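The working numbering puts the sequence shown at residues -15 to 503.
Think of the CB as a built atom: it goes at the ideal place given N, C-alpha and C, for glycine as much as any other residue.
Nothing here was measured: the structure is a model prediction, and the numbers come from that model.
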Amino acid sequence: MLCFQKLLLQCVCLEVICFTFAYNADYTIKLPTSMTALKGSCVVIPCEFSIPDYDKYAESIIGMWHFDNWEYINHPDSSQVVTRFKGRTDLIGDLQKHDCSLKIDEVKVDDTGPFCFRFEVPRNIKASYVNHMVLIHITDSPDAPSINCLPELKAGVAVTVTCSVPHTCPTNPPNIIWSYTNAFFTVYHNKTGNGAWQVYSVLKFVPLASDHKSRLTCTAKYWGGKQADISVLLNVTYRPKNVNIEYKESRIKEGASVGLLCASDSYPPASRYQWYNVIRDQTLRLPQTSATIYVQNVSRKTGTFFCTSQNTEGFTNSTTVRLNVEYKPEILSESACTVDITGQLTCQCIVDSNPPPEIEWRVSGSILSESNTGLNSFFINNTRGQQNTVTKVLQGWVPFTGNLSCSATNTQGKASMSFTRPKSDLYIYIAIVAAVLIIATGAGLCRLKLKRNERTKHAARIAFTNNYGQTKSERETETQDYDMNDIYENVQAGEDIYVNVNTVTTRGLRNESLQLGSP
């Protein structure tokens, strides 16, 4: 009774009409009786009111907020506001739409209230809703966000995750940040009643195998700088990856045994394995199905291995592995020496060896090198060919008469081979040229002889035809003339005929004188 009398006295002194729902149902207000606010952030007190003939006074009505002791925390005239609230409050509601909501920024510990809304219509009506005051509970730290329960994830399959956080500052809601950056998210805001709000961030992403056992974190950053977060552990199922074959021995001696492990990364763990041995172009499926196998009596021809790791999500093959099998050098049969037509010697010593060998050339047991031969016309070249094969080439005009040999040595042993110096290709070339000249000369002589025989036969036929049916003297005369013509014709055949010309001509003249001297 004493409190009511005190309140009535304050109303009379301030010329204020104080209403409650009990006294006048036409003056109503709707606002929460209590709220929670974060220290340093902001809080919005939702407020909705109504008065009789509202439309009549809507354009001229003004609003303000005060404590229960009538100290103003918000007023159109800022000089009426108490010092500790100046610049921190804002009547953000539209009074013409019945909205009397108040925002308090940079909330302090003693901003607890109670707070009351008051309206005034100049030169008409004034009232405070003293029966509907708001108390604010100030918290020093924000509420942690919450994440919906996640199922077991599958690598490569999209999933949706929701993170939510409550707040009482709808004008500057918390900003939700995800630790998973390569994804899309959508933000929603919902009222939950009594001035409280809920902000939701819905994340959609495709988990990777590398996300397994990682933490997905949702962080809420509040207006004013404070923040809170929550994390969940991701369980992502994926088929085996990073499948490879492991073995302890880095160097395996030929003939020894070795254990091979098919290692992989998968979730759930791999439950089945398959092994394969590749020899040349043939792939053999081994009977073992465990993670570890043992290979007996390994050799340089053992080939390569690969394995398959399998779980409920699928299977993956490993990379191919060739065992590092060490063995002593072997000089291959392709090794040989050749000499070209210029007399230059080229020798190749081809060695199959692991580890790579040291190769030396020797002449009659002495190591052959540039320093001890004094020759600058040869060189030694090292090249690495196919797997574990080394070729050492000796080239130059190396005049040796002793035995030439090649020796190869590594940690597993030694091998050597002797070489026979081949004959120079120059002699073969000369022999071929000489044979060609002999054949050409013989063919020319045969052709010349045939031409001479043909001319002799042709001359005989002509003489026989002309002499037929003539007297003896006429035939003799014509025979003499023919002999002379034949002689001159033969002279054109070659220089060696001139000897015959002198003989025949003398004979012809002799015959002619004999004829002239007869009676």
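Next item on the list: Might you give, ordered along the chain, the residues of its own chain that have their beta carbon closer than 7 Å to the beta carbon of Val105, omitting 5 neighbours on each side?
Entry: Numbered from its first residue, the sequence shown carries residue 105 at position 121. Around Val105, the same chain offers Tyr41, Ser44, Ile45 as residues with beta carbons nearer than 7 Å, after the five sequence neighbours per side are excluded.
Among Glu238, Leu217, Val305, Gln294, whose alpha-carbon lies nearest the alpha-carbon of Asp249? Here residue 249 refers to the residue found at position 265 of the sequence shown. Checked all of Glu238, Leu217, Val305, Gln294; the closest Cα to Asp249 is Gln294.
Residue range of the beta strand (DSSP E) that Tyr172 falls in? By one-based count along the sequence shown, residue 172 stands at place 188. 168 to 177 is the extent of the beta strand (DSSP E) around Tyr172.
How many angstroms separate the CA atom of Cys246 from the CA atom of Asp336? To locate residue 246, count along the sequence shown from 1; it is residue 262. To locate residue 336, count along the sequence shown from 1; it is residue 352. Cys246 and Asp336 have their alpha carbons spaced roughly 30 Å apart.
Discussion item. Alpha carbons only, please: which of Phe33, Ala139, Val65 is nearest the one belonging to Ser194?
Written reply: Numbered from its first residue, the sequence shown carries residue 194 at position 210. Its Cα nearest to that of Ser194, the residue Ala139 stands out among Phe33, Ala139, Val65.
**Prompt:** Is the region 281 to 292 touching the region 238 to 245 in the sense that three or more CB pairs, one from each, lie closer than 8 Å?
**Reply:** As far as the Cβ criterion goes, the region 238 to 245 touches the region 281 to 292, which means the pair count is three or higher.
Buried or exposed (CB count within 10 angstroms, at least 16 for buried), Leu429:
Reading the sequence shown from its first residue, position 445 is the one you call residue 429. Counting Cβ neighbours within 10 Å, Leu429 comes out exposed, since fewer than 16 surround it.
Discussion item. With DSSP as the reference, identify every bridge partner of Gly506, one or two as the case may be.
Written reply: Only positions -15 to 503 of the chain appear in the structure, and residue 506 is not among them; the question remains open.
Of the residues Asp95, Asp83, Thr300, the one placed nearest Arg72, counting alpha carbons only: Here residue 72 refers to the residue found at position 88 when the sequence shown is read from its first residue. Nearest neighbour of Arg72 by Cα position, chosen from Asp95, Asp83, Thr300, turns out to be Asp95.
Separation of Val27 from His151, as counted between CA atoms:
Looking up residue 151 in the sequence shown gives position 167. Looking up residue 27 in the sequence shown gives position 43. Rounded to the nearest angstrom, the two C-alpha atoms are 8 Å apart.
Reduced DSSP secondary structure (H/G/I, E/B, other) of Ser283: The residue labelled residue 283 in the question sits at position 299 within the sequence shown. In this structure, Ser283 counts as coil in the three-state DSSP scheme.
Can you tell me the Cα-Cα spacing of Tyr164 and Leu200, whole angstroms? Position 180 of the sequence shown, counted from the first residue, corresponds to residue 164. Position 216 of the sequence shown, counted from the first residue, corresponds to residue 200. C-alpha of Tyr164 to C-alpha of Leu200: approximately 7 Å in a straight line.
Helix, strand or coil, according to DSSP, for Arg431 in the structure here?
Residue 431 sits at position 447 when you count from the first residue of the sequence shown. Arg431 sits in a helix when the DSSP states are folded into three classes.
Exposure of Lys376, with buried meaning 16 or more beta-carbon neighbours within 10 Å:
For this step, residue 376 is matched to residue 392 along the sequence shown. With 16 or more other Cβ atoms from the protein chains shown falling within 10 Å of its own Cβ, Lys376 counts as buried.
Query raised in the report: Considering only C-alpha positions, which residue in the set Glu314, Cys390, Thr326, Glu318 is nearest to Val347?
Result: One-based indexing of the sequence shown puts residue 347 at position 363. Closest option to Val347, Cα to Cα, is Cys390.
Assign Leu270 to one of three DSSP states: helix, strand, or coil.
-> The count along the sequence shown starts at 1 and reaches residue 270 at position 286. Leu270 carries a coil assignment under DSSP once its states are collapsed to helix, strand and coil.
Report task. Drop a sphere of 10 angstroms on the beta-carbon of Arg102, count the other beta-carbons inside from all chains shown, and report buried for 16 or more, exposed for fewer. Result -> Looking up residue 102 in the sequence shown gives position 118. By the neighbour-count rule (16 or more Cβ atoms within 10 Å), Arg102 is buried.
Taking only three categories from DSSP, how would you classify Asn394? Taking the sequence shown and counting its residues from 1, the one referred to as residue 394 is at position 410. Strand at Asn394.
Ignoring anything shorter than 4 residues or poking outside the region 317 to 360, list the alpha helix (DSSP H) runs there in chain order.
Whole alpha helix (DSSP H) segments, 4+ residues: 354 to 357.
Check: Do Glu32 and Asp83 have their C-beta atoms closer together than 8 Å?
Finding: As a first step, residue 32 must be located in the sequence shown, where it is residue number 48. As a first step, residue 83 must be located in the sequence shown, where it is residue number 99. In this structure, Glu32 places its C-beta atom within 8 Å of the C-beta atom of Asp83.
* To the nearest whole angstrom, what separates the beta carbons of Gly47 and Leu79, a pair I think is in contact under 8 Å? -> As a working mapping, residue 47 is identified with position 63 in the sequence shown. As a working mapping, residue 79 is identified with position 95 in the sequence shown. Separation of the CB atoms of Gly47 and Leu79 is rounded to 5 Å, and the pair is thereby assigned contact status at 8 Å.
Self-check item: DSSP-derived helix/strand/coil call for Ser25
Solution: Residue mapping note: residue 25 aligns to position 41 of the sequence shown, counting from 1. Secondary structure at Ser25: coil, using DSSP grouped into helix, strand and coil.
> Around the Cβ of His116, are there at least 16 other Cβ atoms within 10 angstroms (buried) or fewer (exposed)?
Replying inline: As a working mapping, residue 116 is identified with position 132 in the sequence shown. Counting the other CB atoms within 10 Å of its CB gives His116 a total of 16 or more, which places it among the buried residues.
State the CB to CB distance for the pair Lys23 and Ile122, rounded to an integer number of angstroms; the pair is presumed to be in contact (CB under 8 Å). Taking the sequence shown and counting its residues from 1, the one referred to as residue 23 is at position 39. Taking the sequence shown and counting its residues from 1, the one referred to as residue 122 is at position 138. The C-beta separation of Lys23 from Ile122 comes to about 5 Å, placing the pair in contact by the 8 Å criterion.
Q) Can you name the start and end residues of the alpha helix (DSSP H) that Tyr41 belongs to? A) As a position in the sequence shown, residue 41 is number 57, starting the count at 1. Here the alpha helix (DSSP H) through Tyr41 covers 38 to 41.
Could you give the first and the last residue of the continuous beta strand (DSSP E) run that contains Tyr251?
Translated into positions along the sequence shown, residue 251 becomes position 267. Unbroken beta strand (DSSP E) run through Tyr251: 242 to 251.
(message) Looking only at its chain, what residues have a beta carbon closer than 6 Å to the beta carbon of Thr533, apart from the 5 residues adjacent to it on each side?
(response) Nothing in the structure corresponds to residue 533, since the chain is present only between -15 and 503.
- Query: Is it right to say Pro313 is buried, meaning 16 or more other beta carbons lie within 10 angstroms of its own, or is it exposed?
  - Reply: For this step, residue 313 is matched to residue 329 along the sequence shown. The residue is buried, with at least 16 neighbouring Cβ atoms inside 10 Å.
| query | Alpha carbon to alpha carbon, what distance is there between Phe51 and Gly97? | reply | Translated into the one-based positions of the sequence shown, residue 97 becomes position 113. Translated into the one-based positions of the sequence shown, residue 51 becomes position 67. The alpha-carbon atoms of Gly97 and Phe51 are separated by roughly 6 Å.
Quick one, which of Pro154, Gln272, Gln64, Arg436 has its alpha-carbon nearest Ile76's? Counting from one through the sequence shown, the residue named residue 76 turns up at place 92. Taking Ile76 as reference, the option from Pro154, Gln272, Gln64, Arg436 with the minimal CA-CA separation is Pro154.
Inspect the CB distances between the region 390 to 403 and the region 311 to 325 and report whether three or more fall short of 8 Å. These segments touch.
Identify whether Asp195 lies in helix, strand or coil by the three-state DSSP scheme. Reading the sequence shown from its first residue, position 211 is the one you call residue 195. Assigned with DSSP and collapsed to three states, Asp195 falls in helix.
Item to check | Helix, strand or coil at Arg436 according to DSSP, with G and I counted as helix | outcome: To locate residue 436, count along the sequence shown from 1; it is residue 452. Correct three-state label for Arg436: helix.
Cβ atoms of Tyr257 and Thr292: under 8 Å apart, would you say? For the purposes of this step, residue 292 is taken as residue 308 along the sequence shown, with counting starting at 1. For the purposes of this step, residue 257 is taken as residue 273 along the sequence shown, with counting starting at 1. In contact: Thr292 and Tyr257 (Cβ atoms closer than 8 Å).
Beta strand (DSSP E) containing Ser34: first to last residue? Taking the first residue of the sequence shown as 1, we reach residue 34 at position 50. That run of the beta strand (DSSP E) goes 32 to 34.
Sorted by chain position, which residues of the same chain lie with C-beta nearer than 6 Å to Asn174's C-beta, five sequence neighbours on each side aside? In the sequence shown, counting from the first residue as 1, residue 174 sits at position 190. Contacts found: Gln182.
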